[in-house]
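Structure first, then comments.
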Ligand code: G4P
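Shown next as structure tokens:
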């Protein structure tokens, strides 16, 4: 049997945060290519299909059964065991994406060299910040002209309040990026464009910036330009501070092109060496160390099978201590029930059939017949992790059922689907005080799924009336003052399933005014 802590130390569990189209799919493919998990990029299945996810998402789920395969990619790279957690992009964007960050130990922030920080990156970054996750940045698409790199980094710093430390720097010949310069060892990596659209590893020539022979690799003019830029970076730039990186306050930054494989390898090597292995985690019962012998983990995502003939679900569990072995029995700490862990088939990269063993840092997908909820702790020793916070929705709708006899089914469906994390449910008055609950979601697609599932699983023909609110805050403070704050145009007061009050707002303006007028109240974007 392998030494468990050796195994844990070589785990790197992370997620990529980016805005749609920044190149996440492409970069993921290249990590697999460089990791040796695939030999020809372009093999990640369903890539094109995923892009058209809005309309045929449900059909796709049915075709593929449960898309477990896309939830965690596990592959080995030079002695590291990499767990890349999937954060669905685009139309699928939902609370799942946020919760996935809670299961990660670090993140890669992927930026488009023309666009810098975009909306979805900003949102995901806030979750990383909440957890103080170390973040490494990759500025992508450098094979084509983009913003001035210095200006781009300034914008990132300003926008996100994180310091950027460029570890590599683009090497320009005229308007073309032909390589990257690695500041750690002063080496220039010149790439060749292979013309195969990056299907295979890129041929690269390396030479020291101080080597007189460097002019054979790079034109005199380009070399001069690079030297000037490097000097400028040294003079004006940030100092590298490993601790600040580990605290999530400084982000080592790389430039490259996922498409043409420029700069991917130095980035990956750095990332794996510096990103932290699984760390101790805070739990309500004290700190849980990965070296602990007994199993503990928490459910951060539940994936329902969209096929009504297969009602089982997969609960994704991030392991925090101990060791997973198939068939072991642990306790669901919330209910006190014993749960026998049988892992689902998963992990596309190596097409493993069954997970034989998993250690802290790993994620296992467990078959569940409906007893698990988001945030549940599974443990052998009574450890209990805190609740997983809810993230404030941006889409709201009122649910109606034309047939009053289906009310009870609707309530049951909404309760279960909200426990599963599929949607959030709100009531206009405390505890069950209204026949017309509201639902909230981070992504519009969650609503389509909700209606579909209420129909297929609960036989409820529900209708959703979209509401014009687009942001919400949990409010903590005096009850009367909360009611007072919620009065007025463009806002309303609701309660979540735990009876915590939230105010929904129709605009940033309404939110800002309310916050300003009620300094005694606390407004939380994430459930307190
Ligand atoms: P996503 O998962 O973040 O949404 O992005 P994805 O990888 O699908 O990439 C979005 C588009 O950007 C794709 O182009 C992709 O080829 C392109 N792209 C990704 N990385 C790079 C890069 O390093 N350089 C350049 N120039 N383009 C890049 P598309 O035209 O939408 O699709 P396709 O026809 O190329 O597949």
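Numbering (the numbering used here), first residue to last: 434 to 961.
We put the CB at the ideal spot given by N, CA and C, even for glycine.
1) Alpha carbon to alpha carbon, what distance is there between residue 947 and residue 911?
2) Is the beta carbon of residue 688 less than 8 Å from the beta carbon of residue 696?
3) Using CA coordinates, which residue listed in 801, 775 and 598 is at the minimum distance from residue 789?
4) Considering only the alpha carbon of each residue, which of 581, 927, 545 and 441 lies closest to residue 514?
5) Which value, in whole angstroms, describes the spacing of the CA atoms of residue 622 and residue 614?
6) Taking only three categories from DSSP, how would you classify residue 481?
7) Quick check: the Cα distance between residue 482 and residue 691, rounded to an integer number of angstroms?
8) Run the CB neighbour count on residue 879, radius 10 Å, all protein chains shown included, and call it buried at 16 or more, exposed below.
9) Identify the continuous alpha helix (DSSP H) that holds residue 912 and give its terminal residues.
10) Just to confirm, is the Cβ distance from residue 566 to residue 554 under 8 Å?
11) Determine the extent of the beta strand (DSSP E) in which residue 872 is found, giving its start and end residues.
12) Please write down, chain order preserved, every residue whose beta carbon lies under 6 Å from a heavy atom of the ligand G4P.
13) Is the beta carbon of residue 894 closer than 8 Å to that of residue 835?
14) Quick one: grab the DSSP three-state call for residue 761.
15) Based on DSSP bridge pairs, tell me the residues matched to residue 672.
16) Just confirm the distance between the C-beta atoms of residue 959 and residue 804, as a whole number of angstroms; I'd bet it's less than 8 Å.
17) For residue 898, which option in 869, 934, 892 and 909 has the closest C-alpha, if you only look at C-alpha atoms?
18) Is the Cβ-Cβ distance between residue 793 and residue 752 less than 8 Å?
19) Would you decide whether residue 786 is buried or exposed? Buried here means 16 or more other CB atoms lie within 10 Å of its CB.
20) Looking at the structure shown, is residue 436 part of a helix, part of a strand, or coil, going by DSSP?
21) Residues in its own chain within less than 7 Å of residue 961 by CB, not counting five upstream and five downstream?
22) Go ahead and label residue 886 buried or exposed: buried means 16 or more other beta carbons lie within 10 angstroms of its beta carbon, across all protein chains shown.
23) With DSSP run on the structure shown, which of helix, strand or coil describes residue 959?
24) Mind pulling the beta strand (DSSP E) runs of 3 or more residues that sit fully within the region 494-569?
25) At a cut-off of 7 Å, is residue 827 close to the ligand MN when judged by its beta-carbon and the heavy atoms of the ligand?
26) If you scan the region 661-713 from start to end, which runs of the alpha helix (DSSP H) of 4 or more residues do you find wholly inside it?
27) Would you call residue 574 buried or exposed, if buried means 16 or more other Cβ atoms sit within 10 Å of its Cβ?
28) Cβ atoms of residue 810 and residue 731: under 8 Å apart, would you say?
29) Helix, strand or coil, according to DSSP, for residue 730 in the structure here?
30) Using DSSP with H/G/I as helix, E/B as strand and the rest coil, what is residue 846?
31) Excluding the 5 residues preceding and the 5 following residue 456 in the sequence, name in chain order all residues of the same chain whose CB lies nearer than 8 Å to its CB.
32) Should residue 448 and residue 537 be called a contact, given that it needs their Cβ atoms to be closer than 8 Å?
33) What number of angstroms, rounded off, separates the C-alpha of residue 611 from the C-alpha of residue 636?
34) Taking 8 Å as the limit between beta carbons, can you name the residues of its chain near residue 900, skipping five residues before and five after?
35) Suppose only complete runs of 4+ residues qualify. What are the alpha helix (DSSP H) ranges in the region 789-855, listed by chain order?
Short version:
1) The straight-line gap from Cα to Cα measures roughly 15 Å.
2) yes
3) 775
4) 441
5) A straight line joining the alpha-carbon of residue 622 with that of residue 614 spans about 6 Å.
6) Because the pLDDT at residue 481 is just 41, under 50, the model does not fix this residue reliably, and the value given afterwards should be weighed accordingly. When DSSP states are grouped into helix, strand and coil, residue 481 belongs to the helix group.
7) Caution applies to residue 482, whose pLDDT of 39 falls short of 50 and renders its modelled position unreliable; the value that the coordinates give is listed next. Whole-angstrom Cα-Cα distance: 20 Å.
8) buried
9) 912-919
10) no
11) 871-874
12) 451, 453, 454, 455, 456, 457, 458, 459, 522, 573, 574, 576, 577, 690, 691 and 692
13) yes
14) In the structure shown, residue 761 adopts coil according to DSSP, grouped into three states.
15) Note: residue 672 sits in no beta bridge, so no partner.
16) Contact flag wrong, Cβ pair sits at about 26 Å.
17) 869
18) yes
19) Note that residue 786 scores a pLDDT of 48, beneath 50, so its modelled location is shaky; the value from the coordinates is reported in the next line. It counts as exposed.
20) coil
21) 907 and 909
22) buried
23) strand
24) The qualifying runs are 505-510, 513-518 and 539-545.
25) Ligands present in the displayed structure are limited to the ligand G4P, and the ligand MN is not among them.
26) 675-679 and 697-707
27) buried
28) Yes, the pair counts as a contact, with Cβ atoms nearer than the cut-off.
29) strand
30) Under the three-state reduction of DSSP, residue 846 is assigned to helix.
31) 543, 545, 573, 574, 691 and 692
32) Yes, the pair counts as a contact, with Cβ atoms nearer than the cut-off.
33) Between residue 611 and residue 636, the C-alpha separation is close to 12 Å.
34) 829, 830, 831, 871 and 937
35) Listed in chain order, the complete alpha helix (DSSP H) runs (minimum 4 residues) inside the region 789-855 are 840-852.
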